[in-house]
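In the numbering used here, the protein residues as written are 76 to 276.
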(Lines of atoms letter the chains of each structure in order from A; the text may use other names.)
(Lines give C-alpha, C1' and ligand atoms only; values in the text may rest on other atoms or scores of the structure.)
Protein backbone atom coordinates (compact mmCIF):
# COMPACT_ATOMS: atom_id res chain seq x y z
CA UNK A 76 0.00 0.00 0.00
CA UNK A 77 1.49 3.41 -0.93
CA UNK A 78 2.42 5.62 2.01
CA UNK A 79 -0.17 8.31 1.21
CA UNK A 80 -2.90 5.67 0.90
CA UNK A 81 -1.82 4.29 4.29
CA UNK A 82 -2.02 7.78 5.73
CA UNK A 83 -5.56 8.19 4.41
CA UNK A 84 -6.55 4.80 5.88
CA UNK A 85 -5.14 5.81 9.26
CA UNK A 86 -7.03 9.13 9.23
CA UNK A 87 -10.32 7.40 8.50
CA UNK A 88 -10.33 5.64 11.89
CA UNK A 89 -11.78 7.42 14.89
CA UNK A 90 -10.02 7.23 18.25
CA UNK A 91 -12.35 4.45 19.39
CA UNK A 92 -12.00 2.55 16.12
CA UNK A 93 -8.22 2.74 16.31
CA UNK A 94 -8.21 1.54 19.90
CA UNK A 95 -10.47 -1.36 18.96
CA UNK A 96 -8.19 -2.24 16.04
CA UNK A 97 -5.13 -2.33 18.31
CA UNK A 98 -6.93 -4.48 20.88
CA UNK A 99 -8.05 -6.90 18.17
CA UNK A 100 -4.47 -7.28 16.97
CA UNK A 101 -3.32 -7.77 20.57
CA UNK A 102 -5.97 -10.40 21.25
CA UNK A 103 -4.83 -12.40 18.23
CA UNK A 104 -1.12 -12.13 19.04
CA UNK A 105 -1.52 -12.97 22.74
CA UNK A 106 -3.67 -15.96 21.80
CA UNK A 107 -1.02 -17.24 19.38
CA UNK A 108 2.16 -16.57 21.38
CA UNK A 109 3.33 -16.38 25.00
CA UNK A 110 3.25 -12.92 26.58
CA UNK A 111 7.02 -12.48 26.46
CA UNK A 112 7.10 -13.27 22.72
CA UNK A 113 4.68 -10.48 21.78
CA UNK A 114 6.38 -7.19 20.95
CA UNK A 115 4.77 -3.76 20.83
CA UNK A 116 6.60 -3.13 17.55
CA UNK A 117 4.87 -6.19 16.09
CA UNK A 118 1.44 -4.92 17.16
CA UNK A 119 2.15 -1.50 15.65
CA UNK A 120 3.42 -3.00 12.39
CA UNK A 121 0.35 -5.23 11.91
CA UNK A 122 -1.99 -2.35 12.74
CA UNK A 123 -0.12 -0.05 10.35
CA UNK A 124 0.67 2.58 12.99
CA UNK A 125 3.79 3.92 14.63
CA UNK A 126 4.98 2.57 17.95
CA UNK A 127 4.55 6.08 19.35
CA UNK A 128 0.87 6.10 18.42
CA UNK A 129 0.33 2.76 20.13
CA UNK A 130 1.97 4.15 23.28
CA UNK A 131 -0.37 7.13 23.02
CA UNK A 132 -3.24 4.70 23.62
CA UNK A 133 -1.45 2.37 26.04
CA UNK A 134 1.49 3.60 28.17
CA UNK A 135 3.26 0.22 28.26
CA UNK A 136 2.96 -3.41 27.28
CA UNK A 137 1.38 -4.44 30.60
CA UNK A 138 -1.35 -1.82 30.26
CA UNK A 139 -1.93 -2.95 26.69
CA UNK A 140 -2.21 -6.57 27.79
CA UNK A 141 -4.57 -5.60 30.63
CA UNK A 142 -6.79 -3.76 28.16
CA UNK A 143 -6.81 -6.78 25.83
CA UNK A 144 -7.75 -9.06 28.72
CA UNK A 145 -10.51 -6.70 29.84
CA UNK A 146 -11.95 -6.61 26.33
CA UNK A 147 -11.79 -10.40 26.00
CA UNK A 148 -13.31 -10.91 29.47
CA UNK A 149 -16.26 -8.70 28.50
CA UNK A 150 -16.61 -10.66 25.27
CA UNK A 151 -16.64 -13.96 27.15
CA UNK A 152 -19.31 -12.68 29.53
CA UNK A 153 -21.49 -11.83 26.54
CA UNK A 154 -20.86 -15.23 24.95
CA UNK A 155 -21.77 -17.15 28.11
CA UNK A 156 -24.63 -14.92 29.27
CA UNK A 157 -27.68 -16.79 30.56
CA UNK A 158 -30.74 -17.03 28.35
CA UNK A 159 -33.80 -15.86 30.32
CA UNK A 160 -36.36 -18.58 30.90
CA UNK A 161 -34.03 -21.48 30.05
CA UNK A 162 -33.18 -23.73 33.05
CA UNK A 163 -29.60 -23.56 34.33
CA UNK A 164 -29.09 -27.29 33.83
CA UNK A 165 -29.94 -26.85 30.17
CA UNK A 166 -27.52 -23.94 29.73
CA UNK A 167 -24.60 -25.23 31.75
CA UNK A 168 -23.25 -27.61 29.12
CA UNK A 169 -23.54 -25.09 26.29
CA UNK A 170 -21.97 -22.33 28.38
CA UNK A 171 -19.03 -24.52 29.36
CA UNK A 172 -18.59 -25.65 25.75
CA UNK A 173 -18.31 -22.02 24.69
CA UNK A 174 -15.91 -21.22 27.52
CA UNK A 175 -13.65 -24.23 26.89
CA UNK A 176 -13.60 -23.56 23.16
CA UNK A 177 -12.44 -20.05 23.92
CA UNK A 178 -9.77 -21.27 26.35
CA UNK A 179 -8.49 -23.74 23.77
CA UNK A 180 -8.38 -21.15 20.98
CA UNK A 181 -6.70 -18.53 23.21
CA UNK A 182 -4.45 -20.79 25.28
CA UNK A 183 -1.47 -18.43 25.45
CA UNK A 184 -3.60 -15.47 26.49
CA UNK A 185 -5.44 -17.56 29.08
CA UNK A 186 -2.16 -18.76 30.61
CA UNK A 187 -0.59 -15.32 30.52
CA UNK A 188 -3.62 -13.78 32.23
CA UNK A 189 -3.43 -16.17 35.16
CA UNK A 190 0.37 -16.07 35.38
CA UNK A 191 0.29 -12.28 35.52
CA UNK A 192 -2.31 -12.35 38.29
CA UNK A 193 -0.22 -14.81 40.32
CA UNK A 194 2.85 -12.64 39.83
CA UNK A 195 1.01 -9.70 41.36
CA UNK A 196 0.98 -7.33 38.40
CA UNK A 197 -1.44 -4.68 39.64
CA UNK A 198 -2.93 -3.58 36.30
CA UNK A 199 -3.74 -7.14 35.26
CA UNK A 200 -4.75 -8.11 38.78
CA UNK A 201 -7.42 -5.40 38.83
CA UNK A 202 -8.76 -6.62 35.49
CA UNK A 203 -8.69 -10.19 36.74
CA UNK A 204 -10.62 -9.34 39.91
CA UNK A 205 -13.25 -7.40 37.96
CA UNK A 206 -13.63 -10.25 35.48
CA UNK A 207 -13.94 -12.80 38.27
CA UNK A 208 -16.53 -10.70 40.10
CA UNK A 209 -18.54 -10.26 36.89
CA UNK A 210 -18.46 -14.02 36.18
CA UNK A 211 -19.51 -14.75 39.73
CA UNK A 212 -22.38 -12.26 39.57
CA UNK A 213 -23.55 -13.58 36.21
CA UNK A 214 -23.69 -17.15 37.54
CA UNK A 215 -25.43 -16.13 40.78
CA UNK A 216 -28.02 -14.12 38.85
CA UNK A 217 -28.76 -17.09 36.59
CA UNK A 218 -29.07 -19.39 39.59
CA UNK A 219 -31.34 -16.97 41.46
CA UNK A 220 -33.68 -16.75 38.47
CA UNK A 221 -33.84 -20.53 38.03
CA UNK A 222 -36.88 -22.38 39.47
CA UNK A 223 -34.73 -25.28 40.65
CA UNK A 224 -31.78 -23.40 42.12
CA UNK A 225 -33.42 -20.10 43.06
CA UNK A 226 -34.62 -21.36 46.46
CA UNK A 227 -31.12 -22.72 47.18
CA UNK A 228 -29.41 -19.41 46.39
CA UNK A 229 -31.87 -17.21 48.28
CA UNK A 230 -30.67 -16.50 51.78
CA UNK A 231 -27.63 -18.79 51.44
CA UNK A 232 -24.40 -16.75 51.64
CA UNK A 233 -22.34 -19.93 51.28
CA UNK A 234 -23.53 -20.24 47.67
CA UNK A 235 -21.52 -17.17 46.68
CA UNK A 236 -18.43 -18.70 48.22
CA UNK A 237 -19.20 -22.01 46.51
CA UNK A 238 -19.51 -20.31 43.10
CA UNK A 239 -16.25 -18.44 43.68
CA UNK A 240 -14.58 -21.73 44.60
CA UNK A 241 -16.02 -23.37 41.49
CA UNK A 242 -14.58 -20.62 39.29
CA UNK A 243 -11.16 -21.21 40.85
CA UNK A 244 -11.59 -24.96 40.34
CA UNK A 245 -12.55 -24.47 36.68
CA UNK A 246 -9.54 -22.21 36.10
CA UNK A 247 -7.19 -24.77 37.67
CA UNK A 248 -8.72 -27.58 35.60
CA UNK A 249 -8.36 -25.54 32.40
CA UNK A 250 -4.72 -24.69 33.08
CA UNK A 251 -3.93 -28.35 33.75
CA UNK A 252 -5.88 -29.40 30.66
CA UNK A 253 -3.82 -27.02 28.51
CA UNK A 254 -0.63 -28.54 29.94
CA UNK A 255 -1.75 -32.14 29.53
CA UNK A 256 -4.62 -32.78 27.14
CA UNK A 257 -5.27 -36.32 28.38
CA UNK A 258 -8.97 -35.46 28.63
CA UNK A 259 -11.17 -34.40 25.75
CA UNK A 260 -12.99 -31.08 25.84
CA UNK A 261 -16.23 -32.96 26.47
CA UNK A 262 -14.71 -34.74 29.47
CA UNK A 263 -13.44 -31.47 30.93
CA UNK A 264 -16.82 -29.87 30.32
CA UNK A 265 -18.66 -32.70 32.09
CA UNK A 266 -16.19 -32.62 35.00
CA UNK A 267 -16.74 -28.89 35.51
CA UNK A 268 -20.52 -29.23 35.15
CA UNK A 269 -20.66 -32.01 37.76
CA UNK A 270 -18.53 -29.92 40.10
CA UNK A 271 -20.91 -26.95 39.98
CA UNK A 272 -24.01 -29.09 40.36
CA UNK A 273 -22.29 -30.90 43.20
CA UNK A 274 -21.61 -27.78 45.25
CA UNK A 275 -25.21 -26.69 44.76
CA UNK A 276 -26.72 -30.04 45.79
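Ideal Cβ positions, reconstructed from N, Cα and C, are used throughout, including at glycine.
Residue i versus residue j: straight-line alpha-carbon distance, rounded
i, j, result
"residue 187", "residue 232", "32 Å"
"residue 246", "residue 255", "14 Å"
"residue 168", "residue 125", "44 Å"
"residue 104", "residue 166", "31 Å"
"residue 144", "residue 184", "8 Å"
"residue 179", "residue 89", "33 Å"
Cβ-based burial, residue i [other Cβ within 10 Å; buried from 16]
i, result
"residue 271", "buried"
"residue 221", "buried"
"residue 206", "buried"
"residue 142", "buried"
"residue 161", "exposed"
"residue 264", "buried"
"residue 101", "buried"
Cβ shell of residue i (< 6 Å), same chain only, five flanking positions each side left out
i, result
"residue 148", "206"
"residue 260", "175"
"residue 209", "152"
Neighbourhood of residue i by C-beta, 8 Å cutoff - its chain only, sequence neighbours within 5 removed
i, result
"residue 130", "115"
"residue 279", "There is no way to answer for residue 279, as the model of the chain reaches only from 76 to 276."
Other residues of its chain near residue i: CB distance less than 7 Å, five sequence neighbours each side excluded
i, result
"residue 97", "118, 122, 129, 132"
"residue 244", "270"
"residue 258", "252"
"residue 196", "137"
Do the stretch 146-163 and the stretch 211-231 make contact, defined as three or more Cβ pairs closer than 8 Å? Touching, yes.
Counting Cβ pairs closer than 8 Å, one from the stretch 134-141 and one from the stretch 97-116, do we hit at least three? Contact between the stretch 134-141 and the stretch 97-116 is present, with at least three C-beta pairs closer than 8 Å.
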